[in-house]
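In our numbering, the protein residues as written are 3 to 501.
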Amino acid sequence: MQFMKNQQLATIEAEVLIVGVSEHQENLSGWSDFKEIYGPNLDEWIKNLDISTAVKGLTKLPTTLKNVKRVLYVGLGQRKTLTPDDLRAAFAATGKELAKSRVKTVGLWVDSLATDEISVTDAAILAMEGLVMGSFQVENYKTTNNQADVTIEEMKFISAHDQESILASLEVGEIYGNAVNSARDLINLPGNVLTATALANYAEELATKYDFEIEVLDKAQLEELGMGAILAVNKGSKEEPRLITIKYNPKEDWEDVVTFVGKGVTFDTGGYSIKSKSGIVGMKGDMGGAASVLGAMQIIGELRPNHNVMAVIGSTDNMIDGNAFKPDDVITTYSGKTVEILNTDAEGRLVLADAVAYAKQQGATSIIDLATLTGGVITALGFDKTGALTNNQSFYNEFHEATEETGEFTWLMPLTENDKKRIRKSDVADLNNSPGGDGHMIFGGGFVGEFVGETPWIHLDIAGTSDANAPHDLGPKGGTGVMVRSLATYIMRITAQNK
Ligand code: BES
Ligand code: ZN
Ligand code: ZN
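Below, the structure is given as structure tokens:
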């Protein structure tokens, strides 16, 4: 998107001018100037609710002016109680509306979005983030789809504040929104298109664009290294697996490496513990963890914080043929630990076991793993909350602050010694991959924890939050890109704290 600064209320040229409107609009500095140009009756229209001030309420009114065809009033409720989440959601609704009406050139009166609590620069970030996420359109393969997507091409902004800092904020918001949308696109790709090889190719393009170091291990190399867990999951597939490692190393040393580990199962049939006819639909999205990790790396690549970051993604599909792994099989993981397979549908934890062990070997000093790991997290927390586990409360607390900033609800679940005992219970191996159906979100993540050891670790089970079954506040049905913003925000926060 092209940004244009130094615009004025009276002379700006745009198809739509976006203005924040609240119950006490008269307190907004510049409002009387605005009314002089755009209509003396505006206060009355607001009072009579002809212009909605409800949060997420939108009112589009035509003007008789030549330079601005319409004004889109974005409801901010009572400005003083407006939260950052409200502002982001209000602009996601705005983005959806603009995409629907195929608008290309917009004006934004940035100062009309600020409150006592939300600075004008923060408002600029939040608004852009929402606008970009809200205007996201799901790509499809309809042959009758002859209307090309329209995106906003030009954003002209008005502000009495420093133009450069407003511009920078708008750009940050756009970067966050775009990265979320990239993750959404990946999740929405069908499994016959987004294979492990295709995912690795995508990661390579990303690495080239942002000058990251990247390593992609193929099947022969995984065999060489003894990555028995990811290989077991891949055994029934005609598609090769991939282990993708990206390193962003702005520091002199490869020390203090925050590492994101993603589950990249491109399609999960369940294997011989096969999924039901209805349960299997949607399993193209079982690489949501990988998508979030890559989305976060896109932000890291754009903003280039001064902190080492690594991403490790284990990718394969989980298929069935005469060679596929089976219940009762015993496998040896990269770490050397053996696992008794009780359920081939508990494949994500196996892929993550090798990915986490490899991450440690590559210098990870803290690990956040992300996975669409269990139906259990959905039973426990629903579709709007990410479930977490940790072995380090203060690490979790810091990350949780980032999720509060981004509005991505995350809830810490307990991982007890008794849970660990059950993960370690097997007559024939060190671990079993499916201790039971009771509270099994904990067994899924806890299994990954067995390969993490003492390294500070957070597990994020995004099975409920990665793929939306209906349109929501920040976007349409389909991949959500959950945690993209939180991961990046966590890195930006610890960089700012100089940790
Ligand atoms: N990919 C699934 C989890 C999942 C379920 C993701 C629903 C998104 C929506 C995972 O591999 C899986 O099958 N988990 C099993 C584990 C069980 C066999 C212990 C589950 O949750 O049922
Ligand atoms: Zn599964
Ligand atoms: Zn899975």
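The beta carbon of each residue, even a glycine, is placed where N, CA and C say it ideally should be.
Just so you know, these numbers come straight off a predicted model, no measurement behind them.
Quick one: is residue i buried, meaning 16 or more other Cβ sit within 10 Å of its Cβ, or exposed?
i	result
isoleucine 302	buried
aspartate 469	buried
tyrosine 143	exposed
threonine 55	buried
glycine 338	exposed
histidine 461	buried
histidine 309	buried
proline 86	buried
asparagine 471	exposed
lysine 68	exposed
isoleucine 233	Checking the displayed sequence, the identity of residue 233 turns out to be leucine instead of isoleucine. It counts as buried.
aspartate 395	The residue you asked about is not aspartate; residue 395 is glutamine in the sequence shown. Result: exposed.
asparagine 435	buried
glutamine 499	exposed
tryptophan 413	exposed
lysine 253	exposed
arginine 90	buried
arginine 306	exposed
serine 161	buried
asparagine 194	exposed
valine 23	buried
asparagine 29	exposed
Using 7 Å as the cut-off, classify the Cβ of residue i as near or not near the heavy atoms of ligand 1, replying yes or no.
i	result
glycine 266	no
aspartate 270	yes
asparagine 69	no
histidine 402	no
leucine 375	yes
alanine 185	no
asparagine 345	yes
isoleucine 120	no
histidine 309	no
alanine 465	yes
histidine 442	yes
isoleucine 380	yes
glycine 446	yes
serine 436	yes
Could you tell me which residues DSSP puts in a beta bridge with residue i?
i	result
asparagine 325	Per DSSP, none; premise fails for asparagine 325.
glutamate 342	Val332, Asn434
tryptophan 459	Ile369
threonine 318	Val267
threonine 55	In the DSSP output, where bridge partners are listed per residue, threonine 55 has none listed.
isoleucine 127	DSSP, once it has assigned bridges, lists no residue as partnering isoleucine 127.
isoleucine 2	Here the chain comprises residues numbered 3 to 501, so residue 2 is not present and cannot be evaluated.
glutamine 80	BP columns for glutamine 80 are empty, so no partner.
lysine 158	Met6, Gly109
alanine 198	According to DSSP, which records beta bridges pairwise, alanine 198 is partnered with nothing at all.
proline 64	Arg72
histidine 474	Gly477
phenylalanine 262	Ala313, Ile370
isoleucine 20	Leu74, Leu110
Since residue i and residue j are thought to touch, with beta carbons under 8 Å apart, how far apart are those beta carbons, to the nearest angstrom?
i	j	result
glycine 297	alanine 185	3 Å
lysine 106	valine 152	6 Å
threonine 268	leucine 196	5 Å
tyrosine 336	glycine 228	6 Å
methionine 6	lysine 158	4 Å
alanine 126	valine 112	5 Å
serine 317	alanine 209	Not confirmed; about 15 Å, so no contact.
tyrosine 204	leucine 188	7 Å
leucine 410	serine 488	Before going further, note that residue 410 is glutamate rather than leucine in the sequence given. Yes, glutamate 410 and serine 488 are in contact; Cβ-Cβ is about 5 Å, under 8 Å.
alanine 359	glycine 291	So it is not a contact: roughly 16 Å between Cβ atoms.
alanine 404	threonine 491	4 Å
phenylalanine 327	isoleucine 370	With a Cβ gap of about 27 Å, phenylalanine 327 and isoleucine 370 do not count as contacting.
Flag residue i as yes when its Cβ comes closer than 7 Å to any non-hydrogen atom of ligand 2, and as no otherwise.
i	result
glutamate 254	no
aspartate 371	no
asparagine 320	yes
Indicate, with yes or no, if ligand 3 has a heavy atom lying under 7 Å from the CB of residue i.
i	result
glutamate 38	no
glycine 350	yes
serine 288	A small fix is needed here, since residue 288 is aspartate in this sequence, not serine. Checking the Cβ of aspartate 288 against ligand 3 gives yes.
Does any C-beta atom of chain C lie closer than 8 Å to the C-beta of residue i?
i	result
arginine 495	This model lacks chain C altogether, as it is built from one protein chain only.
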